[in-house]
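To start, the structure under review is shown below, and the notes come after it.
In the working numbering, the protein residues as written are 406 to 942.
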């Protein structure tokens with residue numbers, strides 16, 4: 406064995422050694438009884454073998470079955486063995502319990518139901534409805550079965566009215582609600598509206614391709630007479646679409662109910678069948694009787710029901726969103742309005758290359774020549790619109806606002822949007838900050854969506870329902886889609902939270918190069934708390 410000596414004068418001195426002959430029978434794990442000495446201390450320490458034996462003697466005293474010494478009783482060995490097994494089992498249970506708490510969801514209770522909740526520490530108010538008192542609100546426009554209808558027979562009404570529902574799905578939806586209301590005002594029979602193709606959507610969808618016609622007619626049978634088609638006695642159907650004699654064109658926007666009684670009803674009575682066009686926003690809200698607005702709600706929230714296959718597919722998408730983490734989780738629905746058409750129509754300026762800006766200028770000049778003119782005034786107009794909060798939020802701006810509100814990167818987000826202007830490069834900041842972001846195309850297979858691609862409005866219907874049923878709905882720009890979603894959630898009693906960012910204040914914050922992140926977060930939180938108190942979300 407080797408004897409080590411430490412020099413008191415120098416820490417770098419080498420150890421001296423003297424070779425020794427090893428005992429051939431000695432175990433290589435057991436040291437010999439050579440004493441370690443220090444030059445400054447003549448008193449020997451206990452040898453390593455003594456300490457080694459002392460340690461194991463204590464172990465043997467607790468667990469005698471580890472020692473083959475016959476002096477230990479068989480009874481003591483059994484007790485010790487049981488004790489060791491108990492400690493081992495308890496240790497394993499504790500270990501796996503700690504591991505499970507660190508790496509897996511935990512159980513929580515919501516509305517009396519036990520759920521698996523993600524272990525993400527976040528403010529509960531991020532998902533909770535800030536107006537808990539309003540959850541007791543009940544819809545007041547649903548049909549009351551058993552009532553007596555006072556509607557006259559079809560041949561005894563004032564006549565027939567026919568409308569074209571123009572625009573996208575949600576603009577068409579509003580037109581249908583208004584058509585039923587106008588038919589009620591004039592006591593007329595409504596011919597099932599035609600969904601007209603426009604230059605942006607370019608979709609040939611019929612009413613029956615998207616909505617349940619039987620349910621629509623049956624639900625409103627006590628309010629308005631509705632027929633599927635133009636009556637057979639009117640032989641020249643093309644005249645209804647082209648003849649000036651059969652068309653009422655002078656209806657102002659947001660016209661009062663009295664306008665229809667004074668100006669449209671006499672012509673319907675005279676001609677027996679009239680077309681009303683254009684019919685976009687041709688009925689007001691504050692200048693009509695309360696029962697007419699109640700009828701609009703009945704149409705929008707009860708009578709207009711999507712086809713069963715659209716409802717089923719939407720429910721499947723909602724289920725997949727709620728179980729993306731392997732256990733039930735809330736999800737956010739984000740209505741991202743940043744398509745090329747929306748960017749062009751806004752006449753706002755956005756970050757982009759010179760080539761992108763030049764192409765956008767060409768698009769605006771072609772599509773909106775009267776507004777574009779020579780383009781010299783557009784820069785000042787764009788700055789003014791951004792200050793006033795009238796520009797669509799870019800995906801990157803949306804991501805920063807959501808993070809400032811406190812939503813973590815683990816948040817599950819469903820994006821309802823058309824093709825985003827700028828493609829993946831424009832979406833990159835949002836995806837980087839919220840990687841759990843998906844669209845319906847990523848949630849469902851091509852085969853599952855194949856039947857819905859025949860009509861653009863069918864795909865829009867899927868987005869509408871998934872957003873409507875989300876735990877949190879966030880709109881990034883105005884539009885009929887977002888207004889209808891928020892309106893429906895209010896009507897149903899504010900059971901889910903909705904957020905409408907204050908784009909005006911946000912534009913000022915984004916334009917301040919000296920504002921730090923902490924200040925920006927405070928501004929975002931305070932602004933939207935105050936905004937939420939003033940206006941229902």
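Beta carbons are placed, not taken as given, at the ideal position from N, Cα and C, and that holds for glycine.
Output the boundary residues of the alpha helix (DSSP H) element that contains residue i.
i           : result
residue 715 : 713-727
residue 835 : 828-838
residue 788 : 783-792
residue 911 : 908-915
residue 810 : 800-810
residue 366 : Past the edges of the chain, shown from 406 to 942, lies residue 366, and the structure says nothing about it.
residue 590 : 574-591
residue 855 : 851-855
Do residue i and residue j have their C-beta atoms within less than 8 Å of each other?
i           : j           : result
residue 747 : residue 797 : yes
residue 826 : residue 743 : yes
residue 803 : residue 741 : yes
residue 593 : residue 580 : no
residue 858 : residue 864 : yes
residue 617 : residue 658 : no
residue 688 : residue 833 : no
residue 801 : residue 908 : no
residue 568 : residue 654 : no
residue 726 : residue 812 : no
residue 600 : residue 610 : yes
residue 817 : residue 736 : yes
residue 872 : residue 738 : yes
residue 752 : residue 786 : yes
Ends of the beta strand (DSSP E) at residue i?
i           : result
residue 819 : 818-821
residue 570 : 565-570
residue 878 : 877-880
residue 902 : 902-904
residue 737 : 737-740
Kindly indicate which residue of the options has the alpha-carbon position closest to the one of residue i.
i           : options               : result
residue 775 : 813, 664, 530 and 750 : 750
residue 882 : 832, 799 and 814      : 799
residue 641 : 589, 679, 616 and 674 : 679
residue 810 : 777, 904, 884 and 854 : 904
residue 847 : 561, 822 and 542      : 822
residue 638 : 560, 671, 711 and 583 : 560
residue 630 : 650, 566 and 656      : 566
residue 891 : 745, 754 and 870      : 870
residue 699 : 544, 872, 856 and 791 : 544
residue 591 : 656, 557, 670 and 777 : 670
residue 878 : 488, 533 and 487      : 533
residue 729 : 530, 815 and 492      : 815
residue 693 : 665, 675 and 677      : 665
residue 691 : 918, 703, 663 and 898 : 663
Should residue i be labelled buried (16 or more other beta-carbon atoms within 10 Å of its own) or exposed?
i           : result
residue 780 : exposed
residue 876 : buried
residue 758 : exposed
residue 633 : exposed
residue 578 : buried
residue 450 : With a pLDDT of only 46 at residue 450, under the threshold of 50, the placement of this residue in the model should not be trusted; the figure read from the coordinates follows. The residue is exposed, with fewer than 16 neighbouring Cβ atoms inside 10 Å.
residue 575 : buried
residue 495 : exposed
residue 715 : buried
residue 901 : buried
residue 378 : It is not possible to answer for residue 378, since the shown part of the chain is limited to 406 through 942.
residue 923 : exposed
residue 490 : exposed
residue 929 : buried
residue 518 : Only weak support is given to the placement of residue 518: the predicted model assigns it a pLDDT of 35, under 50, and the question is left unresolved by the model.
residue 516 : Any answer about residue 516 is weak, because its pLDDT of 36 lies below 50 and its placement is not dependable; what the coordinates show is given next. Burial call: exposed.
residue 684 : buried
residue 805 : buried
residue 573 : buried
Residue i CB to nearest chain D CB: under 8 Å?
i           : result
residue 913 : Absent from the structure is chain D; it holds one protein chain and no more.
Could you tell me how far apart the beta carbons of residue i and residue j are, in whole angstroms, since I believe they sit closer than 8 Å?
i           : j           : result
residue 589 : residue 756 : With a Cβ gap of about 49 Å, residue 589 and residue 756 do not count as contacting.
residue 546 : residue 625 : At roughly 12 Å, the Cβ-Cβ gap does not stay under 8 Å, so residue 546 and residue 625 are not in contact.
residue 754 : residue 773 : Rounded, the Cβ-Cβ distance is 15 Å, inconsistent with contact.
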